[in-house]
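Below: one structure, written as structure tokens.
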Amino acid sequence: MVQCGLKCLWVLLLFASSNLFSQDKIYLNASARQGNITDITQTSVSYQSSGAKKEKIEIPLNTIVLLFNDHGNWLIPSELNFTTDKTKEQVKTFLSDNQPAPSADRIFLVDGTVVEGKIVSEDSKVCRISVRDETKNLSKGTIAL
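Read in order, the letters of the sequence shown correspond to residues 52 to 196 in my numbering.
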């Protein structure tokens with residue numbers, strides 16, 4: 052439960068950032084880095100910094116909580132198993148420049164579920180989202196972001 056809370060906090064911080072879709076983000080336990088992620092291996096993440104120097108930096112994978120790319124996709128490094136084809140494909144897709152932009156609004160629930168659709172309306176207690184022509188009411192208490 053604590054780990055989910057930490058993940059939800061990072062996701063919330065991520066979307067509070069105004070630079071979300073301009074560059075990739077690397078979230079560490081107590082800080083965040085911004086730049087262009089160029090490689091993800093079993094032991095590290097390499098990225099080109101967004102500063103004036105544009106230097107290449109490598110960060111140990113086990114210090115990273117969350118990765119977001121400029122297409123809105125994310126990876127949780129602690130859940131990656133580099134011995135499987137699934138992880139290799141996830142990393143390849145994450146690093147690809149040929150990703151389509153998200154075609155739907157995304158609501159991240161506290162339990163880790165992502166609901167995709169079109170946000171129709173909201174009030175102080177409920178967010179209404181249309182999913183395949185069906186409107187769902189999501190309690191704000193279940194929404195992380």
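By construction, the Cβ of each residue, glycine as well, lies at the ideal position given by its N, Cα and C atoms. Nothing here was measured: the structure is a model prediction, and the numbers come from that model.
Would you list the residues sitting across from residue i in a DSSP beta bridge?
i: residue 87; result: 99
Answer yes or no: do residue i and residue j have a C-beta to C-beta separation smaller than 8 Å?
i: residue 97; j: residue 105; result: no
i: residue 95; j: residue 117; result: no
i: residue 121; j: residue 85; result: no
So residue i is in the beta strand (DSSP E); what residue range does that whole segment cover?
i: residue 186; result: 185-190
i: residue 171; result: 165-173
i: residue 121; result: Where residue 121 is concerned, there is no enclosing beta strand (DSSP E), given that its DSSP letter is neither H nor E.
i: residue 127; result: That residue, residue 127, is in no beta strand (DSSP E); it is neither H nor E in DSSP.
Can you tell which of the options has the C-alpha that lies nearest to the C-alpha of residue i?
i: residue 158; options: 188, 143 and 184; result: 188
i: residue 124; options: 193, 156, 184 and 161; result: 156
i: residue 195; options: 183, 161, 181 and 146; result: 161
i: residue 132; options: 93, 115 and 163; result: 93
i: residue 115; options: 173, 99, 147 and 91; result: 91
i: residue 183; options: 127, 76 and 154; result: 154
If I follow the unbroken alpha helix (DSSP H) through residue i, where does it start and stop?
i: residue 142; result: 136-146
- On the three-pair Cβ rule with 8 Å, is the segment 165-172 touching the segment 136-144? no
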